[in-house]
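Engineer: Take this structure first; my questions come after.
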Amino acid sequence: MSIRGRPNKPFLNEREDGARHPGKSDGVLRESAAVKHAFVQRHRRVWPISVQCRVLRISMTGYHEHFARKACGAQRRQMSDDALLVHIKAIHA
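Numbering (our numbering), first residue to last: 123 to 215.
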């Protein structure tokens with residue numbers, strides 16, 4: 123019974139065990155790909171990457187490319203910071 127005295131009606135797409143459609147939840151399944159990739163990275167020692175990617179509906183290729191892009195960007199940024207430092211030192215010399 124609900125608070126108003128009416129019988130509770132099950133939600134649309136709700137199963138008998140109370141679970142709803144996973145695509146309509148507000149958990150990790152609804153997050154952006156970057157958040158899902160971070161989740162997989164944090165839990166890679168708990169569950170296999172392939173299983174996590176399948177459950178979260180992300181590709182393993184996309185997961186690996188995400189971290190390759192991230193590493194490449196950090197390296198590129200470091201190189202540009204070093205070049206900038208050379209110019210600053212030359213100006214103030």
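Where is the CB? At the ideal position from N, CA and C, for every residue including glycine.
From a predicted model like this one, the values you see are computed outputs, not experimental measurements.
Which word fits residue 159, buried or exposed, when buried means at least 16 other C-beta atoms lie within 10 angstroms of its C-beta?
Structural biologist: For the purposes of this step, residue 159 is identified with residue 37 of the sequence shown, where counting begins at 1. Flag for residue 159 reads buried.
Engineer: Would you kindly report the start and end of the unbroken alpha helix (DSSP H) that includes residue 214?
Structural biologist: Walking along the sequence shown from the start, residue 214 turns up at place 92. Segment: none, residue 214 is in no alpha helix (DSSP H) and carries neither H nor E.
Engineer: Span of the alpha helix (DSSP H) holding residue 172?
Structural biologist: By one-based count along the sequence shown, residue 172 stands at place 50. From DSSP, the alpha helix (DSSP H) with residue 172 extends over 171-178.
Engineer: Helix, strand or coil for residue 165? Go by DSSP, reduced to three states.
Structural biologist: Within the sequence shown, the letter at position 43 stands for residue 165. The answer is coil: DSSP assigns residue 165 none of H, G, I, E or B.
Engineer: Less than 7 Å between C-beta atoms, sequence neighbours within five positions excluded: which residues of the same chain meet that for residue 155?
Structural biologist: If you number the sequence shown from 1, residue 155 lands on position 33. Only 180, 184 meet the Cβ criterion.
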